[in-house]
Amino acid sequence: MTTYKICLLPGDGIGPEIIAEGVKVLDAVGAKHGVGFEYEEALIGGIAIDETGTALPEQTLDVAKAADAVLLAAVGGYKWDTTDPTKPRPEQGLLGIRKGLGLYTNLRPVQIFGALSQASTLKPEVIDGVDMMIVRELTGGLYFGARERFYDEAGAGVDGACGQRAYDTLEYREYEIERIARQAFEIARKRRGKVSSVDKANVLETSRLWREIVHAVHDADYADVELEDILVDNCAMQLINRPADFDVVVTENMFGDILSDEAAQITGSLGMLASASLGDATALYEPSHGSAPDIAGKGVANPLAQILSVEMMLRYSFDMSQAADDVRRAITHVLDEGWRTGDIADACTAPERKVGTAMMGDLVVRSL
Numbered sequence: 071m072t073t074y075k076i077c078l079l080p081g082d083g084i085g086p087e088i089i090a091e092g093v094k095v096l097d098a099v100g101a102k103h104g105v106g107f108e109y110e111e112a113l114i115g116g117i118a119i120d121e122t123g124t125a126l127p128e129q130t131l132d133v134a135k136a137a138d139a140v141l142l143a144a145v146g147g148y149k150w151d152t153t154d155p156t157k158p159r160p161e162q163g164l165l166g167i168r169k170g171l172g173l174y175t176n177l178r179p180v181q182i183f184g185a186l187s188q189a190s191t192l193k194p195e196v197i198d199g200v201d202m203m204i205v206r207e208l209t210g211g212l213y214f215g216a217r218e219r220f221y222d223e224a225g226a227g228v229d230g231a232c233g234q235r236a237y238d239t240l241e242y243r244e245y246e247i248e249r250i251a252r253q254a255f256e257i258a259r260k261r262r263g264k265v266s267s268v269d270k271a272n273v274l275e276t277s278r279l280w281r282e283i284v285h286a287v288h289d290a291d292y293a294d295v296e297l298e299d300i301l302v303d304n305c306a307m308q309l310i311n312r313p314a315d316f317d318v319v320v321t322e323n324m325f326g327d328i329l330s331d332e333a334a335q336i337t338g339s340l341g342m343l344a345s346a347s348l349g350d351a352t353a354l355y356e357p358s359h360g361s362a363p364d365i366a367g368k369g370v371a372n373p374l375a376q377i378l379s380v381e382m383m384l385r386y387s388f389d390m391s392q393a394a395d396d397v398r399r400a401i402t403h404v405l406d407e408g409w410r411t412g413d414i415a416d417a418c419t420a421p422e423r424k425v426g427t428a429m430m431g432d433l434v435v436r437s438l
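Written as structure tokens, this is what we have:
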């Protein structure tokens, strides 16, 4: 029997609750399809800061590198919020593991489950047919550029004293843009054959380089794929105005971070949006939502984005497309039956069909 090693990173907030449901589904998939899954848990984020003083202990990175895939839940929380640049933040763990594993491609599918079409704040006719893949560059840009905060006489405050000054560096290299562009075009070839490349080429030099490289890759090897350029501010508007027109959206790190959360609202809940971070070795899978510390420990969090991250793991890391399809069908069946966690419930949800985290996981397993 084939056995896969999975590094589990529960993290903070609702993380431990939802990752337990992901494991529950993986075990059910293993029993159904005759494969084994071995798990090793490690620290990341705020809990890692509390226990080790750093958001990404070296041991965690070692466990992740030795695994066949990494399943992460969520990091962060009010407890560790700080603007002090000398103090560790949970998000540094997330950025660090992406860099450490060489995960330069983030995939965020945005699809509408028919049973949840009313959960979106957009009109049904606007979201009808929405099925896009956001391809975000993950290891370059502002999040990884040089940064500093210091005092400067020229930045004097209202009291006349020296004021603070800060900068963050936005930088991209040609090879970083080329490899993410190729990923996007390859994905588009397997979908509807259209790539929307998002930049700010009317202002930023990095975006002008981005546009040049994307076009060079397209013209050389992917002329069969339709390519459009769209400025990031316009894209933010068009994602709400005409979301069904998008197929594959490719963009740099910060733009992708913002736009993918905006696109999540199209589905009605961040609790329904999964993601995959891919590179040349071990891949990482996680929900796109945060740690939701306000509901942590209450057993009410929606685990479906975590379970959909399991679906992506099965598809991209283990080449188990049939098992992945089984998971998606099971989720669809549960939703079609009217089962809801609080974030996706509405006035029409029957009280007896409103369930918590563990029960939603049980229902998916039952449908499997």
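Numbering-wise (the numbering used here), the sequence shown opens with residue 71 and increments by one. We put the CB at the ideal spot given by N, CA and C, even for glycine.
Here Arg262 carries a coil assignment [DSSP, helix/strand/coil]. The DSSP-derived three-state label of Ser267 is strand.
Excluding the 5 residues flanking it on each side, Ala366 has same chain C-beta neighbours closer than 7 Å at Gly83 and Ile84, in chain order.
Measuring C-alpha to C-alpha distances from Gln162 to each of Ile119, Val265, Tyr237 and Glu332 identifies Ile119 as the nearest. In terms of CA proximity to Met202, Ile257 leads the group Ile257, Asp432, Leu212 and Tyr245. Contact between Pro80 and Ala143 is confirmed by a C-beta separation of about 5 Å, below the 8 Å threshold.
As the crow flies, the alpha-carbon of Glu246 is around 11 Å from that of Leu173. Excluding its 5 nearest sequence neighbours in each direction, Asp406 has C-beta neighbours in its own chain below 6 Å: Ala185, listed in chain order. Between the stretch 373 to 391 and the stretch 90 to 104, the count of Cβ pairs shorter than 8 Å is three or higher; the stretches touch. In chain order, Val95, Ala98, Val99, Lys102, Asp396, Val397 and Ala400 place their CB closer than 8 Å to the CB of Leu438, counting only its own chain and leaving out the 5 sequence neighbours on each side. For Val284 and Ala271, the gap between their C-alpha atoms comes out near 12 Å. When the five nearest sequence neighbours on each side are left out, the beta carbons in the same chain lying within less than 6 Å of the beta carbon of Tyr355 are those of Leu141, Ala346, Ser379, Met382 and Met383, in order along the chain.
Counting only residues of its own chain and dropping the five nearest sequence neighbours on each side, Val425 has a CB closer than 8 Å to the CB of Trp409, Arg410, Thr411 and Leu433. According to the DSSP secondary-structure assignment, Asp154 is paired through a beta bridge with no residue. Going by beta carbons, Tyr74 and Gly106 fall inside the 9 Å limit. Within 10 angstroms of the beta-carbon of Met307 lie fewer than 16 other beta-carbons, which makes it exposed. Contact annotation: Glu298 and Ser330 have beta-carbon atoms that are not nearer than 9 Å.
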